[in-house]
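Residue numbers (UniProt numbering): 1 to 313.
Using N, Cα and C, we set each Cβ at its ideal position, and we do this for glycine too.
Being a predicted model, the structure only gives us computed values, none of them experimental.
Below is one structure, written out as structure tokens, with a few remarks after it.
What follows is the structure, encoded as structure tokens:
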């Protein structure tokens with residue numbers, strides 16, 4: 001039973017400690033949320049001589065840099081402005097965007113690093129081209145907006161979509177001021193659930209591992225007339241007083257006999273003299289100890305012969 005409790009306690013610790021650590025991390029992150037429950041970030045100013053800035057695969061970028069944004073019931077909002085006013089933002093299938101911007105100079109986003117302060121944006125060199133493109137009025141946009149764009153990444157995770165940011169009139173020489181806001185309604189609930197569940201599992205594991213072992217019970221089976229002798233050997237006045245201190249027994253030093261006795265009436269002592277110390281191993285037992293079973297009966301003791309009484313005739 002002790003082995004089972006140890007295994008169960010270790011399993012609870014294996015699950016409870018990671019859950020507690022993750023819950024604590026989410027709780028610390030939740031403390032940095034805005035008053036309305038969102039997480040806002042500002043990007044470094046993106047400058048390029050091209051006409052458009054493109055994120056080739058939005059889902060792949062979120063999976064690599066912000067996987068929490070791909071969870072269910074999560075909303076992502078992007079705002080973009082240029083020196084002339086709000087910029088155009090649009091989501092469209094990757095293959096259609098590639099064909100539309102084939103001859104239009106554009107810069108692709110290679111990476112968006114998560115860091116303290118403004119988030120750095122790494123761009124590939126702008127492609128060569130002289131064609132112009134106007135985003136307004138195109139029919140392949142899945143989501144589009146002027147100045148801001150909001151969508152749920154989980155709803156569009158199974159589609160290959162590209163994000164395009166440019167001026168509404170398609171002019172070149174972009175200087176974009178980008179901001180992002182993430183809203184996750186499940187965030188506080190998951191943080192508190194992990195904290196509570198991890199704490200409960202750790203407490204249960206500690207209880208199982210530190211629970212004291214119950215001592216084994218020893219049962220004595222003796223004849224009724226030998227009960228006082230056994231009580232005296234145990235240092236109590238009676239067997240009902242086990243566990244209580246009592247004065248040394250004044251009963252005579254009697255030997256306990258076995259429950260079953262030989263047919264001839266001869267018996268062997270069940271409890272011999274108390275040894276001076278308890279043997280630690282078999283090597284400490286007396287060399288002349290008799291371990292034969294059944295015990296050999298003692299030799300017959302000659303009885304005294306009574307003289308015959310003369311019978312009066």
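- Continuous alpha helix (DSSP H) stretch holding residue 95: start and end: Walking along the chain shown from the start, residue 95 turns up at place 95. For residue 95, the uninterrupted alpha helix (DSSP H) segment begins and ends at 94 to 100.
- Query: What first and last residue would you give for the alpha helix (DSSP H) that runs through residue 317?
  - Reply: Residue 317 cannot be examined here, being either before or after the span of the chain that is shown, 1 to 313.
- Query: Roughly how far, in whole angstroms, is the beta-carbon of residue 59 from the beta-carbon of residue 161, given that I think they are within contact range, below 8 Å?
  - Reply: One-based indexing of the chain shown puts residue 59 at position 59. One-based indexing of the chain shown puts residue 161 at position 161. Residue 59 to residue 161, Cβ: 7 Å. Contact.
- Item | Cβ contact check for the region 93 to 113 and the region 121 to 128: 3 or more pairs under 8 Å | As far as the Cβ criterion goes, the region 93 to 113 touches the region 121 to 128, which means the pair count is three or higher.
- Which one or two residues does DSSP pair with residue 166 in a beta bridge? Here residue 166 refers to the residue found at position 166 of the chain shown. Answer is 52, 88.
- Query: Going by the beta-carbon positions, is the gap between residue 157 and residue 77 smaller than 8 Å?
  - Reply: For this step, residue 157 is matched to residue 157 along the chain shown. For this step, residue 77 is matched to residue 77 along the chain shown. The answer is no: Cβ separation not under 8 Å.
- Considering residue 229, what are the terminal residues of the alpha helix (DSSP H) in which it resides? Translated into the one-based positions of the chain shown, residue 229 becomes position 229. Per DSSP, residue 229 belongs to the alpha helix (DSSP H) from 227 to 234.
- Task: Would you give the residue range spanned by the beta strand (DSSP E) that residue 151 belongs to?
- Result: Indexing the chain shown from 1 puts residue 151 at position 151. According to the DSSP assignment, residue 151 belongs to the beta strand (DSSP E) that extends over 148 to 151.
- Tell me whether the beta-carbon of residue 92 lies closer than 8 Å to the beta-carbon of residue 166. Numbered from its first residue, the chain shown carries residue 92 at position 92. Numbered from its first residue, the chain shown carries residue 166 at position 166. Using a Cβ distance threshold of 8 Å, residue 92 and residue 166 do not count as a contacting pair.
- Does the Cβ-Cβ distance between residue 103 and residue 131 come in under 8 Å? Start at 1 with the first residue of the chain shown, and residue 103 comes out as number 103. Start at 1 with the first residue of the chain shown, and residue 131 comes out as number 131. Between residue 103 and residue 131, the gap from beta carbon to beta carbon is short of 8 Å.
- Query: Under the three-state reduction of DSSP, which class applies to residue 9: helix, strand or coil?
  - Reply: Within the chain shown, residue 9 is the residue found at index 9, counting from 1. For residue 9, the secondary structure class from DSSP, reduced to helix, strand or coil, is helix.
- Quick one: grab the DSSP three-state call for residue 154. Counted from its first residue, the chain shown places residue 154 at position 154. For residue 154, the three-state secondary structure derived from DSSP is coil.
- Task: Quick one: give me the first and last residue of the beta strand (DSSP E) that residue 109 is part of.
- Result: As a first step, residue 109 must be located in the chain shown, where it is residue number 109. Here the beta strand (DSSP E) through residue 109 covers 106 to 112.
- Item | Classification of residue 210 by the beta-carbon crowding that lies within 10 angstroms, buried from 16 upward | Indexing the chain shown from 1 puts residue 210 at position 210. Counting of Cβ neighbours within 10 angstroms places residue 210 among the exposed residues, the total staying below 16.
- Message: In this structure, how does DSSP classify residue 136 when only helix, strand and coil are distinguished?
- Response: Position 136 of the chain shown, counted from the start, is the residue given in the question as residue 136. The answer is coil: DSSP assigns residue 136 none of H, G, I, E or B.
- Near residue 22, what residues of its chain come up, given a Cβ to Cβ distance below 6 Å and the 5 sequence neighbours on each side ignored? Within the chain shown, the letter at position 22 stands for residue 22. The residues 194, in chain order, have a CB closer than 6 Å to that of residue 22 in the same chain once the five nearest residues on each side in sequence are set aside.
- Query: How would you write the range of the beta strand (DSSP E) that residue 177 sits in, first residue to last?
  - Reply: Along the chain shown, read from residue 1 onward, the residue named residue 177 stands at position 177. In the DSSP annotation of this structure, the continuous segment of the beta strand (DSSP E) that includes residue 177 starts and ends at 174 to 184.
- Task: Tell me residue 80's beta-bridge partners as DSSP assigns them.
- Result: Position 80 of the chain shown, counting from 1, holds the residue named residue 80. DSSP output for residue 80 lists 178 as bridge partner(s).
- Item | Distance cut-off 7 Å: residue 109 Cβ against heavy atoms of the ligand SAM | Ligands displayed in this structure: none; no statement on the ligand SAM is therefore possible.
- Query: Is residue 70 helix, strand or coil by DSSP?
  - Reply: Walking along the chain shown from the start, residue 70 turns up at place 70. In the structure shown, residue 70 sits in a helix (DSSP, three-state: H, G or I).
- Which word fits residue 67, buried or exposed, when buried means at least 16 other C-beta atoms lie within 10 angstroms of its C-beta? Position 67 of the chain shown, counted from the first residue, corresponds to residue 67. With a threshold of 16 other beta carbon atoms within 10 Å, residue 67 falls short and is exposed.
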